[in-house]
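First residue of the sequence shown: 858, per my numbering; consecutive thereafter.
By construction, the Cβ of each residue, glycine as well, lies at the ideal position given by its N, Cα and C atoms.
All values reported here derive from a predicted model rather than from experimental measurement.
Scroll down for the structure; my scribbles are underneath it.
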Amino acid sequence: MAMHCEIPFPGIRKLTFGEPEDCVPSAQPYRKAPLADAIAELPEPETAPFPLEEIRFTLSARGCRLELPLRPGEDLYGFGLQLKSLRQTGKKRTLRVNSDPVADTGDSHAPAPLYFSTAGYGVLLDTARYATFYTGGNLPFSRRKAAASAGDIKLTEEELYASSGATAPVIAEVPAARGVTLYLFSGPTLLDAVRRYVLFCGGGCLVPEWSLGNWYRACGTATEAGVAGLARELREENIPCDVLGLEPGWQSHAYSCSLRWSEERFPHRRELIHSLRDAGFRVNLWEHAFLHPTSPLYEPMAEYAGEFEVWQGEVPDFTIPEAAKLFRDYHAEEFTRQGISSFKLDECDNSDFIRSPWSFPECSRFPSGCDGEQMHSLFGLLYQQTILDACRDAGIRTCGSVRNTHAFAPPMPFVLYSDLYDHRDFLRGVAGCGFSGMLWTPELRHAQSPRDYLRRLQAMVLAPQMLMNIWSMPHPPWRQLVRERNLAGEFLPEAEQLRLKTLTRKILELRMGFIPCLYAAFADYHFRGIPPFRALAMEWPEDPRLREVDQAWMAGENLLCIPFTADEEERTVPLPEGGWRDYYTGELFQGEVTLRPDEETLPILVRENSIVPVARPVTHVTDGMVYHLVLRLYGKTPRPARLYADDGWSFGWENDPEHWGEVRADGTASTSLSGRYRVDAVEEIGR
């Protein structure tokens, strides 16, 4: 069947096969304009990554199928948030929206029909269907007969299931569709291909500085007095915190949502919000989009709702502009204009394994014409855009939390989270999220031991969001880590409480010190398309030792984060080319490093000849604040460090983006940084 090819931007090919569906990701209102000038600045490959005539398209009663070439030695990454594996080569990926993956099958609450190759290209299928990919494990039938021999008998699982060594194509099946559009992103390197995708989506999100501080979600049953008391304790104990989150109890009805304040639990909420803001806290509200009959939105939204309820609540069809406007305007009037800065968008995904009406069926229909399968793929991003518009209405540059996203996600300032809690899966999510332009937090909820607590906390220091999600415990975790005992009011001995509180403060202060580096990384994400958190394989795909390193990642330009889990005493990690220095001591490593950290230390390595600008910690970020920096120098000839210096909270950067500057080894800084950064000291850590 004929293929239509366009080249909308350098290094990007749009290939159309058959008759694509109308309800696809690229047609939705959250789609942002590509950053054409930034795309043009990327190195342009001379040719496509493979001959386009090698792509085969067929139709059947099942839908449509594409076959794409895969060369020997290529490895594939991506497919959205994949918590069970990093390298995706040789697997079957069925990209169903499912919040509870029980095996490494492709299920995810944030799948995306998008993959990248170490050969330096990326492939995006513009579909909201639950596409299935066979990533190089299935060889086409051949009539050639292999010579039989006694050696053909296999006796071990490794022998039985080993690859033949032959190269198989990538097979992508899109159910129900009679055609599909494919976008091909050429490198020439893997990182360049990822950047081209991010910039094509409109650039990565530039989150406000306050969102890079610590988030603390209060207990779900907390009252107005309890939230105020928690805020006082955090400030009195100098525990850094920028965002306080309120869980379902703030509403008069949740599951489904009234989106109305509980008069009983929060009778003076406006005064509470203003007092929290005066103390330096932003307020984040938990919600989901399924509307309870007591919600003021219920009746006006009825004509735009899907045919099935969820928790006895109606499901808005946000693909319809009128539905999105109703939801947006209500949030602007009731929340964002009243001082709410952020939202947690829960349950906008799906689940196959929870015994409850978790979400709407895939076979359901919506007024726009989308079915339930398509809506599950699109719902999270449509929801994010609606809330983003409500924040914009009030002049709020926001960052929130969300349970579902899909292709074209990079511009959205929302961080994914999960109800699952395996620590290694959580770390793998940070390493892999950048391949799909997504953000992920390995949040802390509870712990089984002090070591488990500290290492879960450390894992977020160089992650997209530092989130203590203490929704299920009425008391701070440093008083009691175990949920059941916390609920019962059984506290740890005083000495242990003090130790954990002190170490909590130390870890959160470490995070606050890295805010200038992290903010610059997010600016690079927007303007240059470089994911702020990257698997080592993204930057060094030619090194086979790094292709399955899934418990470590790059944060920003120069920091290599290697968090440990509670059961680890030692780990040997292969290192990228060049020298790497211990962040704390300056010790130089090359080739690989064997780490044996104590429970109080997060292993961090620094690229040789780098400057790490570290801010003196504060309890919270204020709008336009001046950061006092200590420049930590590593190596004999440290390169200047780049920083971004807009005001950190407004939308001014959109019209005046030139806020870059640098700090240098002699302690000097660009004049463009003078209003935001001040160098107080220079320290030689490793020479």
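The beta strand (DSSP E) enclosing residue 1236, as first and last residue numbers
Unbroken run through residue 1236 is the alpha helix (DSSP H), 1229-1250; no beta strand (DSSP E).
CB of residue 927 within 8 Å of CB of residue 937, strictly
no
According to DSSP, what are the bridge partners of residue 873?
861 and 1038
Mind pulling the beta strand (DSSP E) runs of 3 or more residues that sit fully within the stretch 1099-1129?
1100-1103
Which one of 1521, 1543 and 1434 has the shortest CA to CA distance from residue 1444?
1543
So, at 6 Å on beta carbons, what are the nonlocal neighbours of residue 907 in its own chain, with the 5 sequence-adjacent residues on each side left out?
926
Assumed close pair residue 1517, residue 1534 - CB separation to whole angstroms, cut-off 8 Å
Going by Cβ atoms, the distance from residue 1517 to residue 1534 rounds to 12 Å, so no, they are not a contact pair.
Could you name the residues of the same chain whose beta carbon sits closer than 6 Å to that of residue 1126, not counting the 5 residues immediately before and after it, in chain order?
Cβ within range, chain order: 1118.
Rounded separation between residue 972 and residue 1293 - CA only:
8 Å
Any chance the CB of residue 1397 is under 7 Å from a heavy atom of the ligand ATP?
Inclusion of the ligand ATP in the displayed structure is not the case, the ligand content being empty and no account of it being possible.
Leaving out five residues before and five after residue 901 in sequence, what residues of the same chain have Cβ atoms less than 7 Å from its Cβ?
867 and 868
Per-residue DSSP class, three states only, for residue 1531
coil
Leaving out the 5 sequence neighbours to the left and right, which residues in its chain are closer than 6 Å to residue 1219 when beta-carbon positions are compared?
1229 and 1230
Reference residue 1482; option with closest CA among 1361, 1373, 1157 and 921
Here the closest residue by C-alpha is 1373.
Neighbourhood of residue 1021 by C-beta distance below 8 Å, restricted to the same chain and skipping five residues each side
Since pLDDT at residue 1021 reaches only 49, below the 50 mark, its modelled position is unreliable, and the value read off the structure follows with that caveat. Contacts found: 996.
Option nearest residue 1075 by Cα separation, candidates 1104, 1058 and 990:
The shortest Cα separation from residue 1075 among 1104, 1058 and 990 belongs to 1104.
Would you check if there are 3 or more beta carbon pairs closer than 8 Å linking the stretch 1173-1181 to the stretch 1039-1055?
No: fewer than three Cβ pairs fall under 8 Å.
Those residues which DSSP pairs with residue 1479 across a bridge:
Answer by DSSP bridge pairing: none, since residue 1479 is not bridged.
For residue 1005, which residues in the same chain have their Cβ closer than 6 Å to its Cβ, ignoring the five residues on either side in sequence?
The predicted position of residue 1005 is uncertain, since its pLDDT is 46 and thus under 50; no value can be drawn from it.
DSSP beta-bridge partners of residue 1547
The structure shown has nothing for residue 1547, since the chain only spans 858 to 1544.
In the DSSP output, what is residue 1137 paired with across the bridge?
None, per the DSSP bridge assignment.
Neighbourhood of residue 1380 by C-beta distance below 7 Å, restricted to the same chain and skipping five residues each side:
1063 and 1501
Taking the Cβ atom as the reference point for each residue, do residue 1242 and residue 886 lie within a distance shorter than 8 Å?
yes
Can you give me the C-alpha to C-alpha distance between residue 1440 and residue 1364, rounded to a whole angstrom?
15 Å
Pop quiz: residue 1522 and residue 1486 are said to be a contact at Cβ under 8 Å. What is the actual Cβ separation, rounded to whole angstroms?
Wrong, their Cβ atoms sit about 13 Å apart, outside the cutoff.
Taking the runs of the beta strand (DSSP E) that are 3 residues or longer, which of them lie wholly in the stretch 1051-1083?
1071-1074
Beta-carbon separation of residue 1631 and residue 1321 under 8 Å?
Shown here, the chain extends from 858 to 1544; a query on residue 1631 therefore has no answer.
In angstroms, rounded to a whole number, what distance separates the CA positions of residue 861 and residue 910?
Between residue 861 and residue 910, the alpha-carbon positions lie close to 11 Å from each other.
Tell me, please, which residues DSSP counts as bridged to residue 1418.
Residue 1418 pairs with 1410 and 1461.
Do the stretch 1391-1405 and the stretch 1418-1425 meet, that is, are 3 or more Cβ pairs less than 8 Å apart?
no
Going by CA-CA distance only, name the one from 1043, 1166 and 1089 that's closest to residue 1222.
1166
Express the C-alpha separation of residue 1298 and residue 945 in angstroms, rounding to a whole number.
Distance between the alpha carbons of residue 945 and residue 1298 is about 21 Å.
Please identify the residue among 1308, 1476, 1437 and 1244 whose C-alpha is closest to the C-alpha of residue 1461.
1437
Residue 978 lies in the alpha helix (DSSP H); which residues open and close that run?
That residue, residue 978, is in no alpha helix (DSSP H); its beta strand (DSSP E) goes 978-982.
By alpha-carbon positions, which one of 1532, 1280 and 1291 ends up nearest to residue 1311?
1280
I'd like the ranges of any alpha helix (DSSP H) spanning at least 4 consecutive residues and lying wholly in the stretch 925-966.
none
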